[in-house]
Structure formats: structure tokens, C-alpha cells
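**Q** Chains as they are written, first to last, in our numbering: chain F, 1 to 489; chain X, 490 to 738.
Below you'll find the structure I mean.
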């Protein structure tokens, strides 16, 4: 892996702005601006939801009104005017479509421009080089299409938008939604519970190894909207799935809010691998605009010997608040968290994980790489908690920070709580700067300063990037390079 | 090949090179010897274009073209190679990746076609074999956990891969045992014979037993104070620097 290709280098050199920052000109249907009970009812009605789900939304909304935002992160967040946004935005004329051919070509074009493969046809026809990965594409508030459904169905895998799952598999949704992240968990998750519009739903039946990578691609296009997607992934006994989400948004001067909730459930011997490449618009060089990325992601290893692995590459967003976590309930279950968080210019990130060991012989592993450049500030915040019953629990944590320039900050805040004497916990942390010696050494070998930086940073992130599915590892490397554009010289 | 005229350079306001002149012809090997603090390493860094050093006067030409306004990577592409006294570690970056990036950067700048993975590996394996270097080393991160000998061999390998015109070896012998020294010297000698020129900077005569120089210079206080044939190195070894430096002062 890890070969920096010429393409990477050319990309670094040619791109001097956010590459996904274009806007798709398409007629949208909006809810009225602002947030109140009627809006919640309207969203639910638009989606033709059953009463129980509306009730749940309303309960969340009423609770949300009393909650305050979490204050403990090392982030400077300007006050958010929740009334100054649209909570539902969908491309107009969205009928229920039977195949991708019926999707508005302008939307398909958008995904094509972003390099997202919605080209099911090509694969089915055996076109060489066409990717074999199923994609659910979410455009603002709605899912516009999911590829490879028929093929997945053959093996019993359900992969669809959560709105469809509510219609077609209500029992599964009702059983699991809110079971890992209750609506009262935190203010952002609570808002999501009240107004979530779409997202992906995955169910892998017992004993099935999902035959292809699943992926959801989130695109925030409309102005003054928030995106509140909700993803639910259930791996039944002995099942395996690898899932990847990607996100981008156009460049806008206003801040936009993204408050997602992701819940993962792994039963006995099941494994879920969840990867994220987050590239929301980070704001401009002066820190104007950008996405507020306030995300609650949590998985439960419900069954014995189950495993959940989070891998994230966080390069975008003006502010990131995100802690993908694992509740290790089943005996012998395992949780993993691999993270690369890059901040540049005025970006802020407070991200990390929680590993809650409940079962005996549970294991967790945390590798977090933080890279700060420009005037940005980045914090790793992690909790490893060993409950009384978690005999012989083990954790290994490694946090490495890399600073580029002298105006940025990197912070590591690990919390460790152990209520069981048999626990074995290891924590390693390093902080380093890219040295001029390293850059000069590369330059003397003919490598330019920008390329040298990309090379050194990719080397620093290698342990994490190699956990990404192959197709995305290369993408992620490029993204790493692009995110640091302009941070030298 | 390489011509240095009245070169003056300083770091943090302190003048280190003080009107240095040097002329190295194509295919020649010159050695620079001198006591600690003579400015030998500064000379190698200034040649390679390190930014921290301020050049306050003079000119350096490579093949008749001034390199003074070139960035370090442009100088590398123009054919200048520096074997570092202390090669730098780059964690997580595999030697193969590093070398492929370097070789293709240089090739691109020289107007040559970039090598694909297969051609690159062929080139690398061939050079490793020529130099008696195990290609296991190429799977490791750049210089990380390398022994002193491995680091220096790695420098020579990079030199062979990048096909420079003019090579500076900055105290390549420091920290080497005799076997490693031989491998390094054999590598350099294998590249001799054509048009490539070398500047060997060393504190001791020892390396020059293995890399026979055509010309030996003695450097002190930022200038060349004496120039002679290989016998000058032996004289230095026998008498020490004090005599010559003292006589010139």
C-alpha cells in the first residue's frame, strides 16, 4: 500500500481549494425555516411514518428543548441559532424510483464529479475497472438511490435508506433504533432523533458474510440546511460487513450543521468494520463558513466474540465533535478505533473514542493520529472504562500528534477508569513536529516541499490508513495531502 | 563540472565560508580535509541549497550553469547529490515509496519518462544487487532503526538510483566499521570512471585509502588553504592539521 502515486502529487499541486466545493443547481423542496413541533410532524408525514416513530421523534424534540449543548470539549463554538435553518430539503419531483436510471441526471452528475460510483450498470455488464461496491447516495435530506440491491438481496442482506427500512422492515427498525444511542444521550443526538431525515440501514442475516463493501455517500447541497442522517447497522450472529461513509458539501460562507447518529449492533461472532472519510467543507482560510460536524457514533458488541472496528479519516468540517465508541458487552468481544484527524487553517477538532468494557476477556485497541497545521487546534479525547465484571479486560492506546508550523495546537486527553483489578491497560503517546531536516532530506532527493510533507504525513498515518478498505486507502492518502495544502512555505 | 567562486556564507549572522574557491573537473574525485569547525559540513549544505544558510557572496556553477537561485530539489534534478553525514529518519514511509517518489521527481524534472512500479522495482533490485545491499532494507521505513552502516549504504544506494553528475559525500566514513566502509567505497568506486565527479569530505585519511582522490584540499576557517595530490592526505595524517593550518595562518 502506501505508495504515493504521481497522481497524488499532481493533485496536491493542482488543487488549491476545496475540491468538492461546487454546488448543484437543482430545484429543492424545503420545509418552512425553523424548528418546532410542526416541523417534526411534517418530516414524519413526508416520510409516511408510523405513529410510534412520530411519537418517538416528538418525545426527543420535547426533551431536546430542555437540554444544553455539551460543554466539555476543547472547542470554541459560536452560539447556534437553531431557528435559522431548514430541517428538511429534498430535490423536487422525487418520486419513488425503481432504478438509478430514473434519478435526476444532475444528481447523478454530482456524484460522478465527486468520484462516487453509482454505476451499477457497468459492473453488471462487466465493464472493466467499474467498482464492486454497493452505494447508498444521500442528497441533503433524502436517499436518491441505492445500488446493487438485487445482488445483495440474493444473500439476504438488506441495504437501503432508513426511510425505506421504516416502511419495509419496521420491526427491525423499531427494535434497534435508539437502542445504542438513546435520544437523551446528548443534545446533538437528541436533535437528530427529532428531525433525522434519512441515512442508511443495513441488516446482515445470521452467518452471512456481506459479499461486497457497502457505502453511503452524504452530500449536503442546499443552503441553510442541516443534515441529520441516521444510520443503523445490524450484524446478526456470525455475520460480517464492511461499511464506508463519505461526506462533502459545497463551499458557503454560512456555517451548516451536521448532526448524525450511527448505531451498530453486533451479535455473537459478528464483525462490523465501519470506515469514515469525512471531508465536509472546512471553511475558508480565514475560518469563514464550514460545517459543524457534531456526530454521535456508537456500537455495541452485544454478542460473545463479536467485534466492532471504527476507522476514521477526518479532514473536513470547521468544527468536529465526534467520539465513535464501542460498548463491549459480550464476553471476548473486541473494539477497535483507528483515527486520523487533520486540521488546517482555523479548523477545530475534538475527537476520540470510548471503549466501555463490560464483558469478561474483552479487548480494545485505539490508534489515534492527530495532525495540526495552520492556526488549527486538535484534541484527542478518549475514555477507556473497565466495569467491575470485565475480568481480564485489555486495552492498548496509542496517541500520536504531529504539529506543522508554530501556530497550531495538539492536545491529548485520555481518561482511564478501571473497576477491575485484572485489567491490563497500556497507553502510549507522542508529540512531534515535522522537522526541517526531514523536509530537506526529501528535497535533496528531488522531492518538492509539498510532496515531502504529503509523504511524511502519510507515513505518520500509515498504521491507520492501512485499515481502510483498499479502494479508499488511496483516496484517503490524497485527501491527507490536499488537506495540508498551503501549510508549508 | 563544478565550480565554486569566492563563496561566502553565514548562519545566524556568523560567517562560516569565507571566500572559498574550488574547481572540480568531470570524472574527478576531490577530497576536502580539515579540522572540526573548518566549515566542511556548511559547504556541503550550501552546495545542496539548505535555506538556513545565507549565501552572502560568490557563485556556484554546475556544468557552467549557476545553481545559486535553485531550490534544493531543482539542484537535485540538475544532478547534485549529497550523501548526508547523519541521514534522517522518516517513520512510516517505506524506502521503496520514498525512492520511487524521488526517482520519478528527478526523472520528470529531467524530461524523462516516469517509471511505473515494475520498471522501478527492476531498477532498484538491480542497483541493490550491484552494491551488495539486501532489498529487505527497501521494505523498511526510511532510515528508521538502521544501523550506522546501513544508513550510509542506503545513502550510496540512493546516489546510484538518482544518477547524479556530481556527488558530495559528507563525512560518510564517520561511525563506520571497516567492512561497512569498504562497501560504501566500493559503491562509489563502481560509479567512477565516467563523467561523474565526487567531492569527498572527511576528517580522516582512512576513507581515502579506499576512495583514491585525484586532488586533496585542506580547508580551514571557511577557505581552502592548501591543495595537492593524494600525498597531501598522507602528510596530514602524519603531521596533523596544526602544522599546515598554522603555516597558512
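We treat Cβ as the ideally placed atom computed from N, Cα and C, and that holds for glycine.
In this text the structure is predicted, and so the values were computed from the model without any measurement.
Considering only residues of the stretch 522-583 of chain X, which uninterrupted beta strand (DSSP E) runs meet the minimum length of 3 residues and lie entirely inside it, listed in chain order?
**A** 543-551, 569-572, 579-583
**Q** If I measure Cβ to Cβ from residue 660/X and keep anything under 8 Å in the same chain, skipping five residues before and after, which residues do I get?
**A** 529, 530, 574, 690, 691, 692
**Q** Assign residue 478/F to one of two classes, buried (16 or more other C-beta atoms within 10 Å of its C-beta) or exposed (fewer than that).
**A** By the neighbour-count rule (16 or more Cβ atoms within 10 Å), residue 478/F is buried.
**Q** Flag residue 303/F as yes if its beta-carbon sits less than 8 Å from any beta-carbon of chain X, otherwise no.
**A** no
**Q** Please classify residue 644/X: is it buried, with 16 or more other beta-carbons within 10 angstroms of its beta-carbon, or exposed?
**A** buried
**Q** Assuming residue 341/F and residue 255/F make a contact with CB atoms under 8 Å, what is their CB distance in whole Å?
**A** Contact doesn't hold; Cβ gap of about 19 Å is too wide.
**Q** Could one say the Cβ of residue 455/F lies closer than 8 Å to chain X's Cβ atoms, at least one of them?
**A** yes
**Q** With respect to the alpha helix (DSSP H) encompassing residue 188/F, which residues constitute its N-terminal and C-terminal limits?
**A** Taken as a continuous stretch (DSSP letters only), the alpha helix (DSSP H) holding residue 188/F covers 187-195.
**Q** List, in order along the chain, the chain F residues whose C-beta lies closer than 7 Å to that of residue 539/X?
**A** 440
**Q** Which class does residue 412/F belong to by DSSP, given the choice of helix, strand or coil?
**A** strand
**Q** Establish whether the CB of residue 573/X and some CB of chain F are separated by less than 8 Å.
**A** Proximity of residue 573/X to chain F, defined by a Cβ-Cβ separation below 8 Å, is satisfied.
**Q** Report the neighbours of residue 577/X on chain F: residues whose CB is nearer than 7 Å to its CB, in chain order.
**A** 437, 438, 441
**Q** Exposed or buried, what is residue 467/F when buried is set at 16 or more other beta-carbons lying within 10 Å of its beta-carbon?
**A** Around the Cβ of residue 467/F, a 10 Å sphere holds 16 or more other Cβ atoms; the residue is buried.
**Q** Where in the stretch 663-707 of chain X do unbroken runs of the alpha helix (DSSP H), each at least 4 residues long, occur, reported from the N-terminal end onward?
**A** 667-680, 695-699
**Q** At a CB distance below 7 Å, what residues from the stretch 711-728 of chain X approach chain F? Give them in sequence order.
**A** none
**Q** Which residues bound the beta strand (DSSP E) around residue 301/F?
**A** Residue 301/F -> beta strand (DSSP E) spans 290-301.
**Q** Measuring only the C-alpha atoms, how far is residue 70/F from residue 322/F?
**A** Distance between the alpha carbons of residue 70/F and residue 322/F: 12 Å.
**Q** Interface residues of chain X around residue 477/F at Cβ under 9 Å?
**A** None at all; the shortest Cβ gap to chain X is about 10 Å.
**Q** Going by Cα to Cα distance, which pick from 201/F, 484/F, 312/F, 438/F is closest to residue 531/F?
**A** The question about residue 531/F has no answer, for chain F in this structure spans 1 to 489.
**Q** Name, in chain order, the residues that DSSP records as bridge partners for residue 280/F.
**A** None; residue 280/F has no bridge partner.
**Q** If you measure from the beta carbon of residue 481/F to each beta carbon in chain X, is any gap under 8 Å?
**A** no
**Q** Answer with yes or no whether the minimum CB distance from residue 550/X to chain F is below 8 Å.
**A** no
**Q** For chain F, is any of its Cβ atoms less than 8 Å away from the one on residue 630/X?
**A** yes
**Q** Report the start-end ranges of each beta strand (DSSP E) in the stretch 574-648 of chain X that is 3 residues or longer and not cut off at the edges.
**A** 579-583
**Q** Once the 5 residues before and after residue 393/F are set aside, which same chain residues still bring their CB inside 6 Å of it?
**A** Only 357, 362, 386, 423 meet the Cβ criterion.
**Q** Determine the chain X residues that contact residue 444/F at a beta-carbon separation under 7 Å, and present them in chain order.
**A** 537, 561, 565, 571
**Q** Taking Cβ to Cβ, would you say residue 330/F is nearer than 8 Å to residue 306/F?
**A** Contact: yes.
**Q** Check this for me: beta carbons of residue 343/F and residue 313/F, under 8 Å apart or not?
**A** Contact: no.
**Q** Could you say if the stretch 343-353 of chain F and the stretch 266-283 of chain F meet the contact criterion of at least three C-beta pairs nearer than 8 Å?
**A** Verdict: yes, contact present.
**Q** Quick one: Cα of residue 292/F to Cα of residue 257/F, how far?
**A** 5 Å
**Q** Quick check on the DSSP output: the beta strand (DSSP E) that includes residue 369/F runs from which residue to which?
**A** 363-372
**Q** When the cut-off is 8 Å and only beta carbons count, does residue 459/F lie next to chain X?
**A** yes
**Q** Run down chain F in chain order and give the residues with a C-beta less than 7 Å from the C-beta of residue 647/X.
**A** 445
**Q** Roughly how many whole angstroms lie between the Cα atoms of residue 265/F and residue 159/F?
**A** 15 Å
**Q** In the stretch 279-312 of chain F, which residues sit with their C-beta less than 7 Å from some C-beta in chain X, listed in chain order?
**A** Those would be none; no residue qualifies.
**Q** Indicate whether residue 579/X and residue 587/X have their beta-carbon atoms separated by less than 8 Å.
**A** yes
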